[in-house]
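S.K.: Quick one: structure below, then a few questions.
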Amino acid sequence: MTTNIQNQWSSQMGFILAAIGSAVGLGNIWKFPYLTGEYGGGAFVIIYLICVVLMGLPIMMAEVLLGKRGAGSPVASMRNLAKEAGQSRLWQLLGWLGVIAGFLVLSYYSVIAGWTLDYVWNSASGTFATNNTPAAIKSIFTDLTSNPTYLLILHSIFMLVTIIILARGVQGGLERAVKFMIPALFVVLIMLLAYAISTPKFMDGVHFMFDINFNKFFYPDGENFSGKGILVAMGQAFFSLSLGMGAIMVYGAYLPKDASIAKTTAIVAFADTLVAILAGLIIFPIVFSNGLEPNAGVGLVFQTLPIAFGQMPFGNIFGSLFFLLLTLAALSSAISLIEPAIAWLVETGKCARVSATIVIGIATWLLGFVTIFSFNEWSEFKLFSMNMFELIDYVTSNIMLPLGGILMAIFVAWLMKSEDVTSELKVSAQNFGYQIWNFLLRYIIPLAVTLVFLNAIGIF
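If you're matching positions, the sequence shown starts at 1 in this note's numbering and goes up one per residue.
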């Protein structure tokens, strides 16, 4: 198929690092630990891991395959592939679903990432050491989120850095950035894990992460069954792996033709999951060692860990490292979230890459105002009992991304010609691994996601 994409990764390793960068972000280090805390620890972890293996990894392979064969932005790839398979042009809407989801996610992602910039400074300057009571730390967080002007400055700085990296292209910007950020991220993770192991409650954190209590998971109020935890775990698996956002599809379009889809996606999924587990093993021992609550919700990282960093020896160093880690992780993901939209503008000939990056970056920056005001000026405005930030997060993570995943699974397993699929995977139709993957895409994933959806809206 003729390519619409002029850029490519310099190597398979370039794609792996970029895809790890896309997957590893705030979802692993900010969101996964607080969801684990809210949904009872080990039971949530095991359900999340099952979702990654049985849903996330197969769909990631499908999404990379679609990008690699479609050879364009998600919109162009789906249009090309629908034509090749003799299907309706309406399938290009699947590409638009991913582009819009990534755009929406980055609009609030950038605001949260701005918080990490502020906390790097607060840790390094000793603010947490001199204000280390729960009330004082909560006040710092409240003052931050209630100040729209300051949030706008932080959001603007983060988006500016993201735009500069993206404007430099694939090899000059994306690949060069992740070659530095991903190794740096793992170095900081290992340093923080070493500290967590030295805390008196490290094993408490281990037990919390891996001891399984399904009663608490399925009966959160002690009486009524709820499948919400499964929906959240599934949404987190999609969010964490960057599935359904178009990012992995467009990264697949930059993949060299001789690269192995199965091998690269397996490495990315493993690395992403490893970071999430390590983040929990770092955060929960620190939480328990300082008598804090693991179910602190969205504010777990921002309202509990600073107390610990403020009290521990060399806390300003470890705190700065931790929030620097969050910033690097957020940036490595942010650069992938609007790449699909940029690729679409470039390939349509509407803009050169620099202009496309500026246009999409400014649009994302403007939409970020909605999240900024959700924490202050518009905090009382709610739809479906959620403020605008919570609504955007819920719709993207728990509806748009899984829906995109289902549609990708259906298209690859049911509508594409099997010889085209096996050609991209470089396997025969009789290959046992291929047959398992195809079975999961055809039957298990659509059925499982549908049942979880029906339960979430109260039908099942």
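Ideal placement from N, C-alpha and C gives every residue a C-beta, glycine not left out.
If valine 346 sits next to alanine 334, beta carbons under 8 Å apart, how far is it from one beta carbon to the other, in whole angstroms?
M.R.: Against the sequence shown, residue 346 aligns to sequence position 346. Against the sequence shown, residue 334 aligns to sequence position 334. About 19 Å; that fails the 8 Å criterion.
S.K.: Quick one: using the 10 Å Cβ neighbour count with 16 as the cut-off for buried, is glutamate 223 buried or exposed?
M.R.: In the sequence shown, residue 223 corresponds to position 223, counting from 1. The residue is exposed, with fewer than 16 neighbouring Cβ atoms inside 10 Å.
S.K.: Would alanine 330 pass as a contact of glycine 98 if the rule is Cβ separation under 9 Å?
M.R.: Stepping through the sequence shown from its first residue, residue 330 is reached at position 330. Stepping through the sequence shown from its first residue, residue 98 is reached at position 98. No, they are not a contact pair.
S.K.: Tell me which residues share the same chain as valine 287 and place their Cβ nearer than 6 Å to its Cβ, disregarding the 5 neighbours each side in the sequence.
M.R.: Position 287 of the sequence shown holds residue 287. Cβ neighbours of valine 287 beyond the five flanking positions: Pro294 and Thr304.
S.K.: At 4 residues or longer, and completely inside the region 185 to 243: list those alpha helix (DSSP H) runs for me, N to C.
M.R.: Entirely contained in the region 185 to 243, the alpha helix (DSSP H) runs reaching 4 residues are, in chain order, 202 to 210, 214 to 218 and 228 to 240.
S.K.: Which residue marks the beginning of the alpha helix (DSSP H) containing cysteine 351, and which one marks its end?
M.R.: One-based indexing of the sequence shown puts residue 351 at position 351. Cysteine 351 -> no alpha helix (DSSP H), and no H or E assigned at all.
S.K.: Residue ranges of each alpha helix (DSSP H) run of no fewer than 4 residues wholly in the region 124 to 149, ordered along the chain?
M.R.: If we require 4 residues or more, the alpha helix (DSSP H) runs fully inside the region 124 to 149 come out as 127 to 130 and 134 to 145.
S.K.: Name the DSSP bridge partner or partners of leucine 337?
M.R.: Counting from 1 along the sequence shown, the entry for residue 337 is found at position 337. DSSP output for leucine 337 lists no bridge partner at all.
S.K.: In chain order, what residues of the same chain lie with their CB nearer than 6 Å to the CB of methionine 13, ignoring the 5 residues before and after it?
M.R.: In the sequence shown, the residue the question calls residue 13 occupies position 13. Contacts found: none.
S.K.: If I measure Cβ to Cβ from arginine 442 and keep anything under 7 Å in the same chain, skipping five residues before and after, which residues do I get?
M.R.: Walking along the sequence shown from the start, residue 442 turns up at place 442. Result list for arginine 442: Ala413 and Trp414, in chain order.
S.K.: Per the DSSP calculation, leucine 383 is bridged to which residue(s)?
M.R.: In the sequence shown, residue 383 corresponds to position 383, counting from 1. Leucine 383 is bridged to Met386.
S.K.: Which whole-angstrom value is the C-beta distance of lysine 68 and alanine 253, which I expect to be below 8 Å?
M.R.: For this step, residue 68 is matched to residue 68 along the sequence shown. For this step, residue 253 is matched to residue 253 along the sequence shown. Confirmed, Cβ separation roughly 7 Å.
S.K.: So valine 370 and methionine 388 are in contact, right, with Cβ under 8 Å, and what is the actual spacing, rounded?
M.R.: Walking along the sequence shown from the start, residue 370 turns up at place 370. Walking along the sequence shown from the start, residue 388 turns up at place 388. Correct: roughly 5 Å between the Cβ atoms.
S.K.: Less than 9 Å between the C-beta atoms of phenylalanine 264 and valine 52, yes or no?
M.R.: Numbered from 1 along the sequence shown, position 264 holds the residue referred to as residue 264. Numbered from 1 along the sequence shown, position 52 holds the residue referred to as residue 52. Strictly speaking, residue 264 in this sequence is threonine, with phenylalanine absent from that position. It is not a contact, given that the beta carbons lie outside the stated cut-off.
S.K.: May I ask you to report which of helix, strand or coil DSSP gives proline 285?
M.R.: Here the question's residue 285 lines up with position 285 in the sequence shown. Note: proline 285 maps to helix in three-state DSSP.
S.K.: Grab the span of the alpha helix (DSSP H) containing glutamate 419 for me, first residue to last.
M.R.: The residue you call residue 419 lines up with position 419 of the sequence shown. Glutamate 419 -> alpha helix (DSSP H) spans 418 to 425.
S.K.: Apart from the five residues just before and just after arginine 89, which ones in its own chain have a Cβ nearer than 8 Å to its Cβ?
M.R.: What you label residue 89 is simply residue 89 of the sequence shown in a count that begins at 1. Here the set comprises Arg79, Ala82 and Lys83.
S.K.: For the pair the region 107 to 122 and the region 310 to 330, tell me if three or more CB-CB distances fall below 8 Å.
M.R.: They touch, by the three-pair rule.
S.K.: Residues in its own chain within less than 8 Å of threonine 133 by CB, not counting five upstream and five downstream?
M.R.: Start at 1 with the first residue of the sequence shown, and residue 133 comes out as number 133. Ile307.
S.K.: Where isoleucine 436 and glycine 405 are concerned, what is the direct C-alpha to C-alpha distance, given to the nearest angstrom?
M.R.: Within the sequence shown, residue 436 is the residue found at index 436, counting from 1. Within the sequence shown, residue 405 is the residue found at index 405, counting from 1. One C-alpha to the other measures close to 17 Å.
S.K.: Distance check for tyrosine 109 and leucine 26, CA to CA, integer angstroms please.
M.R.: Residue mapping note: residue 26 aligns to position 26 of the sequence shown, counting from 1. Residue mapping note: residue 109 aligns to position 109 of the sequence shown, counting from 1. Their backbone Cα atoms lie some 8 Å apart in a straight line.
S.K.: My output table needs one value for alanine 71: the three-state DSSP class, helix, strand or coil.
M.R.: On the sequence shown, position 71 is the one that residue 71 refers to. It is coil, neither helix nor strand.
S.K.: Does the region 118 to 130 touch the region 29 to 36, meaning 3 or more C-beta pairs lie closer than 8 Å?
M.R.: Touching, no.
S.K.: How is the alpha helix (DSSP H) around tyrosine 39 delimited, first residue to last?
M.R.: If you number the sequence shown from 1, residue 39 lands on position 39. Per DSSP, tyrosine 39 belongs to no alpha helix (DSSP H) and is neither H nor E.
S.K.: Give the straight-line distance between the Cα atoms of methionine 416 and isoleucine 282, rounded to the nearest whole angstrom.
M.R.: In the sequence shown, residue 416 corresponds to position 416, counting from 1. In the sequence shown, residue 282 corresponds to position 282, counting from 1. Near 43 Å, if we compare the C-alpha coordinates of isoleucine 282 and methionine 416.
S.K.: Count the other CB atoms, across all protein chains shown, that sit within 10 Å of the CB of tyrosine 219; report buried if there are 16 or more and exposed otherwise.
M.R.: In the sequence shown, counting from the first residue as 1, residue 219 sits at position 219. Exposed is the call here.
S.K.: Could you give the C-beta distance for asparagine 376 and serine 146, rounded to a whole number, given that I count them as a contact under 8 Å?
M.R.: The sequence position of residue 376 within the sequence shown is 376, counting from 1. The sequence position of residue 146 within the sequence shown is 146, counting from 1. The pair is a contact, with the Cβ atoms about 5 Å apart (cut-off 8 Å).
S.K.: Who are the Cβ neighbours of glutamate 424 in its own chain at under 8 Å, not counting the five residues just before and after it?
M.R.: Looking up residue 424 in the sequence shown gives position 424. These residues qualify, in order along the chain: Leu65, Lys68, Arg69 and Ile261.
S.K.: Would the region 204 to 214 and the region 42 to 49 be scored as touching if the rule is three or more Cβ pairs under 8 Å?
M.R.: At 8 Å Cβ cutoff, the stretches touch.
S.K.: Is the distance from the Cβ of glycine 349 to the Cβ of leucine 166 below 9 Å?
M.R.: Start at 1 with the first residue of the sequence shown, and residue 349 comes out as number 349. Start at 1 with the first residue of the sequence shown, and residue 166 comes out as number 166. Not a contact, by the Cβ cut-off of 9 Å.
S.K.: Judging by CA-CA distance, which residue of Phe373, Glu339 and Trp344 is the nearest neighbour of alanine 19?
M.R.: Position 19 of the sequence shown, counted from the start, is the residue given in the question as residue 19. The candidate whose alpha carbon is nearest that of alanine 19 is Glu339.
S.K.: Going by CA-CA distance only, name the one from Ala296, Gly299 and Gln311 that's closest to asparagine 290.
M.R.: Within the sequence shown, residue 290 is the residue found at index 290, counting from 1. Answer by Cα proximity: Gln311.
S.K.: Identify whether glutamine 6 lies in helix, strand or coil by the three-state DSSP scheme.
M.R.: Here residue 6 refers to the residue found at position 6 of the sequence shown. Confidence is the limiting factor: at glutamine 6 the pLDDT is only 49, short of 50, which leaves the residue's position unreliable, though a coordinate-based value still follows. Correct three-state label for glutamine 6: coil.
S.K.: Excluding the 5 residues preceding and the 5 following tyrosine 195 in the sequence, name in chain order all residues of the same chain whose CB lies nearer than 7 Å to its CB.
M.R.: In the sequence shown, counting from the first residue as 1, residue 195 sits at position 195. The answer, listed in chain order, is Phe318.
S.K.: Just to confirm my understanding: we take lysine 228, look at its own chain, exclude 5 residues before and 5 after, and list those with CB closer than 6 Å. What are they?
M.R.: Translated into the one-based positions of the sequence shown, residue 228 becomes position 228. So the list is empty, once near-sequence residues are dropped.
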